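> Got a structure here, written out as structure tokens. Questions coming.
Protein chains: 2
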Amino acid sequence: MTNSDDVGLERSSAQFSLSVLLQRKLEKLILDGELKPGDKLNELELSKRFGTSRGPIREAMQNLCARGLAEAVRNRGVFVRTITPVEAFELYDVRAALFGLAGRLLTDRIDDAILKKLYDYVEDMDRLAQAQQYSDYYRTNLEFHDYLVRSAGNKMLVREYHSFVDRLHLCRMRGLVNSGALTISNREHAEMIDAAASGNNQRAQETFFRHVARAKLRFRSSLEEAGLT
Amino acid sequence: MTNSDDVGLERSSAQFSLSVLLQRKLEKLILDGELKPGDKLNELELSKRFGTSRGPIREAMQNLCARGLAEAVRNRGVFVRTITPVEAFELYDVRAALFGLAGRLLTDRIDDAILKKLYDYVEDMDRLAQAQQYSDYYRTNLEFHDYLVRSAGNKMLVREYHSFVDRLHLCRMRGLVNSGALTISNREHAEMIDAAASGNNQRAQETFFRHVARAKLRFRSSLEEAGLT
DNA sequence: CCGTATTTGTCCGTATGTATG
DNA sequence: ACATACATACGGACAAATACG
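Read top to bottom, the protein sequences are chains F and Y.
Counting in this note's numbering, the first sequence runs without a single skipped number right up to 229 at its last residue.
Counting in this note's numbering, the second sequence runs without a single skipped number right up to 458 at its last residue.
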């Protein structure tokens, strides 16, 4: 029983434990949308699919639960986490706070090399927005924010920020982008860079915070338009 | 083999899975300092101690690892997380950001009932500081901050804030309190309440943020005094 | 450098609890 | 309401990797 998902071969290097590899695979399945919120994570099915026993599967699922991507119901199983609108708003607020911290910290570390890379990102996104290449814009946008957070020089923050971005992916609605919104969003990006370059760390924090706060408002609006209030 | 730590009896209600109960027990052992940073979490020893098999123990340890209280080294075992000074500073910064968010959110929700309770806390702490009852002050201080965060009305924030406070407990040095510091700290508490009551949520956020930032500075100073730079 | 002791990693069997007809 | 089927929770045993003498 060796199928395409089998983890045996790539594990031959034995650098990571099986449960860690499975955890990453499951995480990918969830974030890629192959497993949707509410879907059940069946131990037996997954163990057959990945060619392992159920032990490592269970450990991987525990890990996913601890990180908020899944939730366990006793004697019933583990399910992909369902994020309610209220919880999504909460996630946005925490993400805003974390991102704001990134802005505050970045202010004390920013240099010409970082600045150039940031402006390159914004330029790229401007081009992609005008070309209406939404998918590429989306990806570059994520990279830009990721680079900002990593440049803040706080590993705990990076880890935590990603945890919240991942959870927000659980309720990300596709197709709520339009060219106008992208251009506006990108103007905010330039403002953030300027704020970080100004040396005023409190201002930078607030600017970064509000960028995510606006994303929250756009998300709320899109929910209301969809009649999901 | 039934000893005092056996979880069999209290599990009769069967409301929680064994791994969850074990996770809580291990967490308590770590936070109470019975298991110190760097200590090994021996599967066999723990399974005998708690009267269970290794499966649930492993799942509980996975959970602790995911929450940053322990870390696993492949083929060597799981150890209580050791927090380096640099990591502690990082934790303080993230905690500051989360606490700042609490201040910002609280500003929009504060009412007379909350306000009264907050001032009661400060009064209690003033009394305890003057009486030099450090232990009681410490406990009340934790409760005060906990109440502030819970009053912000964001469950994700509460959960995340506690996660960071717990991790900071791993490197909390005892005996770095003195009556003067407590009085100063408590003055900051009153300032935070005033800021939240002012209705200016940005100001509140900054005030809350700086309260933790100052705690970070005090922590850094105490490390330097101890020659741990 | 090798053998041994120890611990982890993995797998499977059984019992218990849950959903469904 | 009862019985059946199924998934999970837990325990135990074997295999593999590592540390230490």
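Don't be surprised by glycine CBs; every beta carbon is placed ideally from N, CA and C.
Since we're looking at a predicted model, the values are computed, not measured.
Please list the terminal residues of the continuous beta strand (DSSP E) segment that includes residue 71/F.
It spans 70–73 - the beta strand (DSSP E) in which residue 71/F sits, taken as one unbroken run.
> Examine chain F for any beta-carbon lying closer than 8 Å to the beta-carbon of residue 259/Y, and answer yes or no.
For residue 259/Y, the answer is no, since every Cβ of chain F falls outside 8 Å of its Cβ.
> Count the other C-beta atoms from every protein chain shown that fall within 10 angstroms of the C-beta of residue 329/Y, then say buried if there are 16 or more, exposed otherwise.
Buried, by the Cβ-count rule.
> Which residues in the same chain as residue 434/Y place their Cβ atom closer than 6 Å to its Cβ, once the five residues preceding and following it in sequence are excluded?
329, 332 and 333, listed in sequence order.
> Should the stretch 353–364 of chain Y be called in touch with the stretch 308–316 of chain Y, which here means at least 3 C-beta pairs below 8 Å?
Counting Cβ pairs under 8 Å, fewer than three are found: no touch.
> Would residue 317/Y and residue 448/Y qualify as a contact pair, given that the criterion is a beta-carbon distance under 8 Å?
In this structure, residue 448/Y lies closer than 8 Å to residue 317/Y by Cβ.
> For residue 110/F, I'd like the list of residues in its chain whose CB is within less than 7 Å of its CB, leaving aside the five on either flank, ordered along the chain.
Contacts found: 196 and 197.
> Name the chain Y residues whose beta carbon is nearer than 8 Å to that of residue 199/F?
Result: empty, since nearest Cβ-Cβ is about 17 Å, beyond 8 Å.
> Please report the Cβ distance between residue 209/F and residue 96/F, rounded to the nearest whole angstrom; I am assuming they are in contact, meaning their Cβ atoms lie under 8 Å.
The pair is a contact, with the Cβ atoms about 5 Å apart (cut-off 8 Å).
> Which two residues bound the contiguous beta strand (DSSP E) that contains residue 16/F?
Premise fails: residue 16/F is in no beta strand (DSSP E) and is neither H nor E.
> How many Å lie between residue 194/F and residue 432/Y at the Cα?
Looking at the two C-alpha atoms, the distance is approximately 22 Å.
> From residue 440/Y to residue 454/Y, what distance separates their C-alpha atoms?
Spanning the two alpha carbons is a distance of roughly 21 Å.
> Could you tell me which chain Y residues have their CB closer than 8 Å to the CB of residue 50/F, listed as they occur along the chain?
What residue 50/F touches in chain Y: nothing, since even the nearest Cβ is about 17 Å away.
> Of all the options 257/Y, 266/Y and 344/Y, which has the alpha carbon lying nearest to the alpha carbon of residue 421/Y?
The residue with the shortest Cα to Cα distance from residue 421/Y is 344/Y.
> Where does residue 352/Y land, buried or exposed, given buried means 16+ other C-beta within 10 angstroms?
Looking at its Cβ environment, which holds fewer than 16 other Cβ atoms inside 10 Å, residue 352/Y is exposed.
> Which of the three DSSP states is assigned to residue 270/Y in this structure?
It is a strand residue.
> Using the DSSP secondary-structure output, state which residues sit across from residue 308/Y in a beta bridge.
According to DSSP, residue 308/Y bridges with 269/Y and 300/Y.
> Tell whether a beta-carbon distance below 8 Å holds between residue 296/Y and residue 66/F.
Contact flag set, yes.
> Would you kindly work out how many angstroms separate the C-alpha atoms of residue 268/Y and residue 396/Y, rounded to a whole number?
Whole-angstrom Cα-Cα distance: 15 Å.
> Taking the continuous alpha helix (DSSP H) assigned at residue 168/F, which residues delimit it?
155–169 is the extent of the alpha helix (DSSP H) around residue 168/F.
> Just checking: is the beta-carbon of residue 305/Y within a distance shorter than 8 Å of some beta-carbon in chain F?
Cβ-Cβ to chain F under 8 Å: no for residue 305/Y.
> Compare the C-beta of residue 80/F against all C-beta atoms of chain Y and say whether one is closer than 8 Å.
By this cut-off, residue 80/F is not an interface position.
> To the nearest whole angstrom, what separates the beta carbons of residue 23/F and residue 63/F, a pair I think is in contact under 8 Å?
Right, the Cβ-Cβ distance comes to about 5 Å (below 8 Å), so this counts as a contact.
> How long is the line joining the alpha carbons of residue 222/F and residue 414/Y, rounded to whole angstroms?
Looking at the two C-alpha atoms, the distance is approximately 44 Å.
> What residue range is occupied by the uninterrupted alpha helix (DSSP H) comprising residue 51/F?
First-last for residue 51/F: undefined, no H or E at that position.
> Relative to the C-alpha of residue 171/F, which residue among 125/F, 90/F, 20/F and 54/F is closest?
Residue 90/F is the option with its Cα nearest to residue 171/F.
> Just confirm the distance between the C-beta atoms of residue 393/Y and residue 323/Y, as a whole number of angstroms; I'd bet it's less than 8 Å.
That belief holds up - the Cβ atoms of residue 393/Y and residue 323/Y are roughly 6 Å apart, short of 8 Å.
> Give a yes or no on whether the minimum CB-CB distance between residue 219/F and chain Y is below 8 Å.
No, residue 219/F does not count as interfacial toward chain Y.
> Does any residue of chain Y have a CB that is nearer than 8 Å to the CB of residue 212/F?
Closer than 8 Å: no.
> Can you tell me which of the three DSSP states residue 23/F falls into?
If DSSP states are grouped into helix, strand and coil, residue 23/F belongs with the helices.
> Near residue 350/Y, what residues of its chain come up, given a Cβ to Cβ distance below 8 Å and the 5 sequence neighbours on each side ignored?
Excluding positions up to five away in sequence, the list reads 369, 372, 373, 376 and 418.
> On the criterion of 16 or more Cβ atoms from any shown chain inside 10 Å, does residue 389/Y qualify as buried, or is it exposed?
Classification of residue 389/Y: buried, given that the 10 Å Cβ count is 16 or more.
> Kindly give me the distance between the Cβ atoms of residue 258/Y and residue 264/Y, rounded to whole angstroms, as I take these residues to be in contact under 8 Å.
Indeed they touch by this definition, with Cβ atoms about 5 Å apart.
> Any C-beta of chain F within less than 7 Å: which residues of the stretch 375–400 of chain Y qualify?
From the stretch 375–400 of chain Y, only 383, 384, 385, 386 and 389 have a Cβ closer than 7 Å to chain F.
> Identify the contact partners of residue 463/Y in chain F, using a Cβ-Cβ distance below 9 Å as the criterion.
Nothing can be reported for residue 463/Y, as the shown portion of chain Y is limited to 230 through 458.
> Using a Cβ cut-off of 8 Å (strictly closer), state whether residue 97/F contacts chain Y.
Residue 97/F counts as touching chain Y.
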